[in-house]
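Reading through the structure tokens given below for one structure.
Residue numbers (the numbering used here): -14 to 136.
Okay, structure coming up:
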């Protein structure tokens, strides 16, 4: 009885091992003895193709980021300057602090709502302008955050 149990379990283990081996073989490149140019991948391995795909996607992403970079940087720096001017001028009088903070929150949240809102036909025409103001908002927020550590 014990011998039959061990034999049955070893047959099940062998069958599971064989299935795993077959699934590994199925997931591998099974070109066999075919020439590298015959299987359509130009003789490159999967790793080389994956690295090339990653490189192409990264280059496309960098090209997208580089388009309009100077305008984006300008709006970010203008937002940073506005934050410094905003905190300096409003800081001179203590009675406007709450209203100015409320106005800053209203502007930041308004730009965020326009930026991340569902598509409206009217907003699609000015989407690039909203994106630039989003960079201004980021500069304003960063500037106000850093101005908080000045005093």
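Cβ coordinates follow ideal geometry from the N, Cα and C atoms, glycine included.
Alpha-carbon spacing of residue i relative to residue j, whole angstroms
i           : j           : result
residue 94  : residue 77  : 25 angstroms
residue 87  : residue 135 : 21 angstroms
residue 90  : residue 48  : 33 angstroms
residue 52  : residue 79  : 42 angstroms
residue 98  : residue 43  : 29 angstroms
residue 104 : residue 92  : 20 angstroms
residue 30  : residue 45  : 23 angstroms
residue 85  : residue 75  : 7 angstroms
residue 102 : residue 50  : 22 angstroms
residue 132 : residue 115 : 25 angstroms
Spatially closest choice to residue i from the options, by CA coordinates
i           : options               : result
residue 67  : 57, 129 and 115       : 129
residue 62  : 133, 122, 132 and 134 : 122
residue 59  : 101, 109, 117 and 89  : 117
residue 127 : 113, 105, 72 and 50   : 72
residue 54  : 131, 107 and 113      : 113
residue 56  : 133, 124, 132 and 131 : 124
Anticipated Cβ contact below 8 angstroms, residue i with residue j, distance rounded
i           : j          : result
residue 120 : residue 28 : In fact, because the Cβ distance is near 45 angstroms, the residues do not count as touching under 8 angstroms.
Short CB-CB distance (under 9 angstroms) between residue i and chain B
i           : result
residue 131 : In the structure shown, chain B does not exist; there is a single protein chain.
Cβ neighbours of residue i in the same chain (closer than 7 angstroms, five flanking residues each side left out)
i          : result
residue 20 : Here residue 20 scores only 46 on pLDDT, less than 50, and its place in the model should not be relied on; the value that follows carries that caveat. Once the five neighbours on either side are set aside, residue 20 has no close Cβ partner at all.
Own chain residues within Cβ distance below 6 angstroms of residue i, not counting five before or after
i           : result
residue 100 : 115 and 119
What runs of the alpha helix (DSSP H), each 4 residues or longer, lie entirely inside the stretch 41 to 117? 54 to 77, 82 to 101 and 106 to 110
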